[in-house]
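Student:
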Amino acid sequence: MVRGNQSQRKGSGGMKSRSQVATLDDLDWQILRLLQENAKQTYSEIGSKLGVAHSTVYDRIQKMEEHGFIKKYEAVVDAEKIGIGHITAHITITTDPKETENIAKKLTRFSQALEVSTSFSELIVVIAKVIAKDQGELHTFIAKSVAPLPGVLRIRTAIVTKNYKEERLSLPFGENASRKKE
Amino acid sequence: MRLENLEGESMNVSSSKVLRNVLREEAFYFFTSIGNYTGQSASSLEEFLQKVKDIDLKSLEFHLFREDFEKWVSQTLGDNKLPEEIRVLRAQKVVGNALRDRLYFVVSRRLKELKSVPSTR
Chain A
39 MVRGNQSQRK GSGGMKSRSQ VATLDDLDWQ ILRLLQENAK QTYSEIGSKL GVAHSTVYDR
99 IQKMEEHGFI KKYEAVVDAE KIGIGHITAH ITITTDPKET ENIAKKLTRF SQALEVSTSF
159 SELIVVIAKV IAKDQGELHT FIAKSVAPLP GVLRIRTAIV TKNYKEERLS LPFGENASRK
219 KE
Chain E
450 MRLENLEGES MNVSSSKVLR NVLREEAFYF FTSIGNYTGQ SASSLEEFLQ KVKDIDLKSL
510 EFHLFREDFE KWVSQTLGDN KLPEEIRVLR AQKVVGNALR DRLYFVVSRR LKELKSVPST
570 R
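Chains as they are written, first to last, in the working numbering: chain A, 39 to 220; chain E, 450 to 570.
1. Give the residues of chain A in contact with alanine 476(E), contact being defined as C-beta atoms less than 8 Å apart.
2. Within 10 angstroms of the Cβ of arginine 559(E), are there 16 or more other Cβ atoms? Answer buried if so, exposed if not.
3. Closer than 8 Å, CB to CB, is glutamine 173(A) near chain E or not?
4. For alanine 185(A), collect the residues of the same chain with a Cβ closer than 7 Å to its Cβ; drop the 5 residues on either side in sequence, then sort them by chain order.
5. Please tell me whether leucine 470(E) has its Cβ less than 8 Å away from any Cβ of chain A.
6. Hey, glycine 484(E) and isoleucine 180(A) are a contact pair by Cβ (cut 8 Å); roughly how many whole angstroms apart?
7. Beta-carbon of isoleucine 124(A) versus every beta-carbon of chain E: anything under 8 Å?
8. Below 6 Å CB to CB, which residues in the same chain sit around valine 14(A) once its five sequence neighbours on both sides are set aside?
9. Given a threshold of 16 other Cβ atoms within 10 Å of its Cβ, counted over all protein chains shown, does alanine 547(E) qualify as buried or as exposed?
10. Touching or not, the segment 472-481 of chain E and the segment 105-115 of chain A, by the rule of three or more beta carbon pairs under 8 Å?
11. Would you mind stating whether isoleucine 162(A) and proline 135(A) have Cβ atoms separated by less than 8 Å?
12. Between Gly85(A), Leu176(A) and Glu139(A), which has its C-alpha nearest threonine 126(A)'s C-alpha?
13. Which one or two residues does DSSP pair with phenylalanine 158(A) in a beta bridge?
14. Quick one: is tyrosine 202(A) buried, meaning 16 or more other Cβ sit within 10 Å of its Cβ, or exposed?
15. Quick check: what's the CA-CA separation for glutamate 438(E) versus asparagine 140(A)?
16. Residues of the segment 93-106 of chain A with a CB closer than 9 Å to any CB of chain E: list them in chain order, please.
17. Mind pulling the chain A residues with CB within less than 8 Å of arginine 559(E)?
18. Considering only the alpha carbon of each residue, which of Val544(E), Lys507(E) and Phe479(E) lies closest to glutamate 496(E)?
19. Tell me which residues of the segment 189-201 of chain A have at least one Cβ-Cβ distance to chain E shorter than 9 Å, keeping chain order.
20. Would you call leucine 152(A) buried or exposed, if buried means 16 or more other Cβ atoms sit within 10 Å of its Cβ?
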């Protein structure tokens with residue numbers, strides 16, 4: 039475990055600061071992987087799986103939160119089970135290049151937009167994943183809130199019929215799991 | 450005579466409202482299906498008429514079926530007569546080029562009628 043130029047015993051250090059740039063060591067990566075599997079695990083449970091004290095786990099998690107490696111914890115809700123049936127759609131908006139960024143930023147303000155990104159293919163587009171209660175609501179949202187945005191040239195919408203895989207970013211197991219301390 | 454003048458003025462105010470250009474958020478946006486925007490919009494009845502000439506037939510059929518034309522003309526432009534005529538097209542299940550032709554006809558006739566109202570100024 040390294041912090042700056044000082045060697046430290048396992049558990050107490052974690053992220054090292056090199057010119058104020060924080061990086062992760064093996065133990066941090068392992069903790070992150072366990073949190074991604076189940077963020078409700080206790081510090082003790084994580085500690086016992088990794089062979090370190092719960093206080094070490096606490097310390098590492100605190101630091102990863104402070105440095106923004108862990109952005110947030112959230113519940114993944116099953117919309118159907120809680121009775122708010124909804125539809126998901128991917129919309130591709132062809133834009134006037136001068137307005138692409140503005141359109142993307144404006145879209146982020148709508149609660150219906152779950153993800154918003156820009157892309158360069160033959161044309162510059164904004165891609166968004168949106169949800170709505172039903173098709174009527176989806177169309178109203180696009181017609182009343184998206185189409186009128188300055189610079190929107192065309193919109194293509196694909197309604198999701200079935201999801202085969204939906205996961206958050208998974209940390210790489212192979213390469214980083216075997217990454218050695220310096 | 451006095452009554453006629455008042456009616457004429459009232460009709461004129463009404464027609465100028467229907468013929469006005471609306472804000473971007475109030476314009477009519479042509480879609481071909483749920484969420485699929487053609488890139489064509491109309492900010493006035495005049496512009497709407499021009500779009501009817503060339504817009505994808507799928508778009509005309511999509512909006513006629515959803516009653517979008519009537520809603521926009523009555524709720525946004527404030528005209529009650531034209532929606533009645535558009536409603537007839539839907540009731541008669543007019544589709545394809547016949548829909549384009551008849552929609553163009555009823556809109557252009559109504560436009561002409563509204564424009565013919567003498568100005569009080």
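Note that the Cβ used here is the ideal one computed from N, Cα and C, for glycine as well.
Tutor: A quick look at the data gives this:
1. Pro186
2. buried
3. Yes, its Cβ sits closer than 8 Å to a Cβ of chain E.
4. Ile193
5. Looking at the sequence itself, residue 470(E) is asparagine, so the reference to leucine does not match. So no, asparagine 470(E) is outside the interface.
6. 5 Å
7. Looking at the sequence itself, residue 124(A) is histidine, so the reference to isoleucine does not match. Chain E contact via Cβ: absent.
8. With chain A covering 39 to 220 only, the question about residue 14(A) has no answer from this structure.
9. Exposed: under 16 other Cβ atoms inside 10 Å.
10. no
11. Cβ atoms of isoleucine 162(A) and proline 135(A): closer than 8 Å.
12. Leu176(A)
13. Ile162(A)
14. By the 16-neighbour rule on beta-carbons within 10 angstroms, tyrosine 202(A) is exposed.
15. With chain E represented from 450 up to 570, any question about residue 438(E) goes unanswered, as that position is not in the structure.
16. For the segment 93-106 of chain A, the set of positions with a beta-carbon nearer than 9 Å to some beta-carbon of chain E is empty.
17. Residues of chain A passing the Cβ test: none, with the nearest at roughly 23 Å.
18. Phe479(E)
19. Within the segment 189-201 of chain A, Val190, Leu191, Arg192, Ile193, Arg194, Thr195, Ala196 and Ile197 place their CB atoms closer than 9 Å to a CB of chain E, listed in sequence order.
20. exposed
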